[in-house]
Each structure stands twice: as structure tokens, then as C-alpha cells.
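Report on the following structure.
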Ligand code: UTP
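Residue numbers (this note's numbering): 1091 to 1567.
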């Protein structure tokens, strides 16, 4: 067991950093609270906090480049959008070979708080499928199990959690017997926390003994993989391709052979899938080139005229939407998530953060009083060698559950799953009655355990004899 440093060890360090107020109420605390505070204080990276305060609180923020010489980032189009079918086939074969060789792991980031959905529990335990109400975690687990079966491979799954939801996440997996996966191939990684500070750069205390800490963002996933020893485990197992996706998107093919193949063929350190924007001002990041580097510029940062700019044929110039689907090279994660100088930057977010004042009273601010710091995973792109971007069809890749109602809600996600199943059946030669958006008249389900993606489905369906009747309430597979 590791013991926390003593107050005598920590206090001088905090004093030197101008943060000694963290121990202001020390004398009034119970011995348990003192121990908790010491433990937490020992985890604070004071050097990092000092740098963040210097850059984002006292300074004018990280240097932002203008948008004058911004170009759209090139991407590999889908065959049905004019891409070269032979290269997609080659990529698919290379990716399948990597999967068979056990070189690929799945990585889900599930450390967020899901505040917009307003669901009480880890988002991965939210039920999503149209008939059987499988949870997001179950959908991914079954897709991974199916890919393992399809490629005859041992596939490891890494899941990023946070201190807030880790125990509930692990419990959900145990209760469900790891959804049929081998438990020693599922790895939970708790992401890092960063202290929140006030407008003067002083660390905020949530109460007399608790430092106000917030998760370090999905960009923190890369250093969490390194710190937790996950990358070392990957190296031991011969895993060098990490397929990254978000917890709220059940449409994702968790292990897409063509995507993995393009990543390998391109000797890419970080590959991305782009989804053409649904409309000019869609709230997604934009894949761009700036000063020779691939970057993602958030919709909130990119001037509207750029978001709406069109080419001579009327199509959008900045068409490539970023929806956080990547393949990472393990050595790249070791580099940017480890001790090298190439690190993901932090971003500042001003928030209302309850805090304890000098009198020891808890204050619930009415307006933003504090600053939290987060890293974004797409900031890895400009640090990567040979970044590859391929096109993905939205209908096969992306329909997140973000909000309780309206866009990106459980309802829209359920409908998109139904559209996806209907499109898969059509690709296999079976037409179902549907409306002009592809939404079928009946509610049914294709089990991810049966097929993990469209191509897999077509092959699986072919093998079925006799073919089942597709009617309301049916679960295929
Ligand atoms: P979102 O930006 O949608 O945030 O995260 P969220 O926390 O899930 O939801 P809101 O904004 O509170 O409603 C995108 C993905 O990144 C993960 C989330 O779990 C989700 O898969 N994430 C986000 C982390 O793993 N850690 C973080 O610190 C933030």
C-alpha cells in the first residue's frame, strides 16, 4: 500500500506554489478528512497547475492562429462517392489481417458526465436498442465479441471512466457477466483530474477538505492509457492499433477493417473518420489544414462564412465533420500521453463552481466564478505523423445519444438504428417498406452479436437458410 505524504512534506510545496490556502482549515478537520485531503493534494500536479494559470488565467490564453490560410483537409472518399474501390478493398484486407493478428484493441471513452442526457448512471448503461433495450455497453461488447469471432482473434477492450462513474461502470459489467466477454480482456482506466481555479488562479476548494477537481477531458484519455500501464499491456500483447470511439454512439463499427487498413497503409499515427456535414452550420468540428498540419477547428471557433463557403459546384468547401472516431498508433499515444514535449494543450472553460470561502461557508455562485481545464482528443492530430482521414457514411457511423429530447436523443438514435438495419437488409437483397428517409414501418432489431457492420451482415445473412421473416418485434441473431 502506498502512503500519502505528510502535511510537513506537502505544505511547503503548496506554499511555494501560492496554493497553501488548500490547507486553511486543516486544524478543524477530522483525521479522516485530513487523510483524504493529503491523498488528493498529493495527486495534484502543481507544476501543471502553475503552467495552466500562467497561460490561461494570467496570460491571454494559448496562442490561437488566425483562419486566413486555412484549407480543407484532404480525405479518402468512399467508393460510392468517387473513391477508388480497389484501394478500399486493399485497406479492408490489410485491416482484417491486423485484426486476425491481434494487433487491434477497442477503446471507448466513457468518462464524461452526460449532463445533457440527464440520466442517473454511467451513460454506457443507458438502454438504446429498439426492441430489447440493450445498453450502449452491451451493444459495443457484442460487436467486439462478434469481431473476435469473425477474425478468430483475441480482442482487448479498454474503457475510460472517471472517478465519478468508475465503480458503477465496473459493477454494471460484473452484474452482466461482462456481456459474454472474457473479463480479463476488458480494462477500465480511470481518467485524470485537474483542479479548478478561481479568477486569480487559486485552487478552489469544494468544501473544507475537498479540492474541487474536474476530469481532464477526452483528450486526457491518451495520458490515462500511459499512466495506467495500458499501453505497456498493449505492447506486451502485440497491440499497436487502437480504435477510439465515444460511449454515446451505438452506430459505430467498433473495429472497422477498412479504417484500420487505411491507417496501417498510410503509416499514420492518428487516423480519423470524417462525416460530411449534414448542413453548413452543423455543430461539429471541421477537419482543416493549417500551416501544413491537420487540425480540427470547432464550429464555435470557425467563422460562419467559412462554415458556409461553397465550391464552384455548390458543394461545401469545409465539408468534413469530425465526430471523434479515430485509430491511434500505440507508440504515438506513448509519445503524446507520456513525458515528451509533444503534449495535448488544455482549454479553458469558465463555469459556476461551488466553493468554500475564507469563512468556511459553501458558496453557490450565480455566474461563472471558476475555471476548469480540459484536453480535447482531436488536438492530437497536429502532433501526428501522416494523419489519414477517410470518409464515413453518417448512416453507418454516427448517431449519438446526447440530449434527452430533440436532436441526438434516444428517439433519433433509435430511428437511425432502424434505418441502419433496413439499409443492411437492402444491401443483402431484402427490401423492407420504409419512408423516404429509410425509416421502416416496423420496429425490429439486428443483434450486434450476429453482425458487427454492414459487410459482416451481408455475409451472415447469405448463410441463413431459411431466411427469417422480418416483422414487427423480430430480433435477428
Ligand atoms: P461529451 O462532450 O458529449 O460530454 O463527451 P459528456 O460528458 O458525455 O456529456 P455532457 O456534455 O455532460 O452532456 C464526448 C465523449 O467523451 C467522453 C464522454 O464520455 C463521451 O464519450 N469524455 C468526455 C470523457 O471520457 N472524459 C471527459 O472528461 C469528457
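A virtual CB, placed ideally from N, CA and C, is assigned to each residue, including glycine.
Quick caveat: nothing in here was measured; it's all calculated off a predicted structure.
Heavy atom of ligand 1 within 7 Å of residue 1201 beta-carbon: yes
contact_flag[the segment 1438-1449, the segment 1316-1333] where n(CB pairs < 8 Å) is 3 or more: no
N-terminal and C-terminal residue of the beta strand (DSSP E) that residue 1244 is part of: From DSSP, residue 1244 is part of no beta strand (DSSP E); its letter is neither H nor E.
Any non-hydrogen atom of ligand 1 closer than 7 Å to residue 1226 Cβ: no
Three-pair Cβ contact test at 8 Å for the segment 1212-1225 versus the segment 1335-1352: yes
First through last residue of the alpha helix (DSSP H) which encompasses residue 1350: 1347-1355
Proximity of residue 1314 and residue 1250 at Cβ, strictly below 8 Å: yes
Assigned exposure category for residue 1312 - 16 Cβ within 10 Å defines buried: buried
Residue 1367 beta carbon less than 8 Å from that of residue 1411: yes
Chain-order list of residues whose beta-carbon lies under 6 Å from that of residue 1484 (same chain, five-residue window excluded): 1365
Ligand 1 heavy atom lying under 7 Å from the CB of residue 1285: no
Residue 1305 classed as buried or exposed, judged by whether at least 16 other C-beta atoms fall within 10 angstroms: buried
Counterpart residues of residue 1161 in DSSP-defined beta bridges: 1379
Short CB-CB distance (under 8 Å) between residue 1518 and chain B: The question asks about chain B, but that chain is absent: this structure has only one protein chain.
Close Cβ partners of residue 1455 (< 8 Å) along its chain, the five nearest in sequence each way excluded: 1442, 1443, 1444 and 1445
For residue 1550 and residue 1220, believed in contact at Cβ under 8 Å, the rounded distance: That pair is no contact at about 19 Å.
Delimiting residues of the beta strand (DSSP E) encompassing residue 1331: 1331-1336
Residue 1260 versus residue 1156: straight-line alpha-carbon distance, rounded: 44 Å
beta-carbon residue 1306 near ligand 1 non-hydrogen atom, thresh 7 Å: yes
Distance cut-off 7 Å: residue 1118 Cβ against heavy atoms of ligand 1: no
Within 8 Å, strictly: CB atoms of residue 1199 and residue 1352: no
Inter-residue CB distance, residue 1510 and residue 1341 (contact presumed, cutoff 8 Å): 6 Å
For residue 1533, the first and last residue of its enclosing beta strand (DSSP E): Careful: residue 1533 lies outside any beta strand (DSSP E) and carries neither H nor E.
Short Cβ contact (8 Å threshold) for residue 1307 with residue 1466: yes
Test item: CB-CB of residue 1354 and residue 1184 under 8 Å: yes
For residue 1472, three-class secondary structure by DSSP: helix
Neighbourhood of residue 1433 by C-beta distance below 7 Å, restricted to the same chain and skipping five residues each side: 1426
heavy atom of ligand 1 below 7 Å from residue 1411 C-beta: no
Span separating the alpha-carbon of residue 1264 from that of residue 1407: 48 Å
Inter-residue CB distance, residue 1284 and residue 1463 (contact presumed, cutoff 8 Å): 5 Å
Enclosing beta strand (DSSP E) for residue 1416 [first to last residue]: 1410-1419
Integer Cβ distance of residue 1544 from residue 1514, believed to fall under 8 Å: 5 Å
Spatial distance of residue 1149 from residue 1140 (CA atoms): 12 Å
Residue environment, residue 1181, which counts as buried when at least 16 other CB atoms sit within 10 Å: buried
Nearest-angstrom Cα separation, counted from residue 1186 out to residue 1386: 28 Å
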